[in-house]
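Numbering (UniProt numbering), first residue to last: 1 to 215. Remarks on the structure that follows.
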Ligand SMILES: C[S@@+](CC[C@H](N)C(=O)[O-])C[C@H]1O[C@@H](n2cnc3c(N)ncnc32)[C@H](O)[C@@H]1O
């Protein structure tokens, strides 16, 4: 497993020189922290044997890192960007990972597709959109009583405050907040939101609308 994490690291650094997958200025120094940040979920939650969907995986955070570390868990990675989704597929092939698949599509479209809708035990996402927008992307995809885990910075309380209407409208509530130190004291949080009822077919709205007119 550690070998695969190290190989993933090498591939990010190598491919990043050709394609702009992660901010070039900081990736060489920050990559270990990005990986550590992703791993933190496993300190709080056992994800073994679950069906997980990761939204906006980018170059692999957190969905691909967690997939490398959790061979018994099945991951679907949603990433609309062509270069990034190709990179995710390249890593999956190189490491011969059998527990991951990649969907190159906007999540608003995936969330309206019956083969994905209300299908996952948990959803993860890091640095994709503010919490109110993320809720509209993620809640339709998880099963009733499933959970969404959102990686946030120290500003998470404001995000929760702004997301109150979205939490309500989507029949969900903040269940837990895990805070930890990454670069500084208590600078990171993973917010767990629990779904309490099936999602109205109204959500997610059309591509671009959740971000343009957040709930
Ligand atoms: C800032 S990056 C973060 C990537 C990664 N999660 C991380 O923590 O490094 C946000 C990613 O989300 C993807 N994304 C944003 N909105 C999306 C949407 N509606 N559907 C699918 N992917 C989306 C972008 O293409 C981008 O790769």
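Just so it is clear, CB atoms sit at the ideal spot from N, CA and C, and this is done for glycine as well.
Next item on the list: State the start and end residues of the unbroken beta strand (DSSP E) segment that holds residue 54.
Entry: Here residue 54 corresponds to residue number 54 of the chain shown, with the count starting at 1. From DSSP, the beta strand (DSSP E) with residue 54 extends over 51-55.
Notebook entry, point to check: In angstroms, rounded to a whole number, what distance separates the CA positions of residue 100 and residue 186?
Noted result: The residue labelled residue 100 in the question sits at position 100 within the chain shown. The residue labelled residue 186 in the question sits at position 186 within the chain shown. Going by the C-alpha atoms only, they are around 31 Å apart.
Margin query: Can you give me the C-alpha to C-alpha distance between residue 115 and residue 27, rounded to a whole angstrom?
Written below: Translated into the one-based positions of the chain shown, residue 115 becomes position 115. Translated into the one-based positions of the chain shown, residue 27 becomes position 27. The alpha-carbon atoms of residue 115 and residue 27 are separated by roughly 36 Å.
Margin query: Let's test the definition: count the other Cβ atoms within 10 Å of the Cβ of residue 33 and tell me whether it reaches 16, buried, or not, exposed.
Written below: If you number the chain shown from 1, residue 33 lands on position 33. Result: exposed.
Next item on the list: Within its chain, find whatever has a CB closer than 6 Å to the CB of residue 54; leave out the 5 residues flanking it on each side and keep chain order.
Entry: Here residue 54 corresponds to residue number 54 of the chain shown, with the count starting at 1. Correct list, in chain order: 63, 77 and 124.
Check: Quick check: the region 177-184 against the region 94-108, are there 3 or more CB pairs under 8 Å?
Finding: no
Next item on the list: Please report how far the alpha carbon of residue 169 lies from the alpha carbon of residue 129, in whole angstroms.
Entry: In the chain shown, counting from the first residue as 1, residue 169 sits at position 169. In the chain shown, counting from the first residue as 1, residue 129 sits at position 129. Rounded to the nearest angstrom, the two C-alpha atoms are 18 Å apart.
Item checked: Proximity winner among 81, 25, 38 and 19, relative to residue 150 (alpha-carbon distances) -> In the chain shown, residue 150 corresponds to position 150, counting from 1. Comparing Cα positions, the closest option is 38.
Next item on the list: Using 7 Å as the cut-off, classify the Cβ of residue 84 as near or not near the heavy atoms of ligand 1, replying yes or no.
Entry: The residue given as residue 84 occupies position 84 in the chain shown. Checking the Cβ of residue 84 against ligand 1 gives yes.
Notebook entry, point to check: Looking only at C-alpha atoms, which of 2, 72, 215 and 60 sits nearest to residue 137?
Noted result: Within the chain shown, the letter at position 137 stands for residue 137. Comparing Cα positions, the closest option is 215.
Notebook entry, point to check: What do you reckon, is the C-beta of residue 120 under 7 Å from a heavy atom of ligand 1?
Noted result: If you number the chain shown from 1, residue 120 lands on position 120. No - ligand 1 has no heavy atom lying nearer than 7 Å to the Cβ of residue 120.
Note to self: Checking 8 Å against the spacing of the C-beta atoms, do residue 189 and residue 152 come in under that value?
What the structure shows: Numbered from its first residue, the chain shown carries residue 189 at position 189. Numbered from its first residue, the chain shown carries residue 152 at position 152. Closer than 8 Å, so yes.
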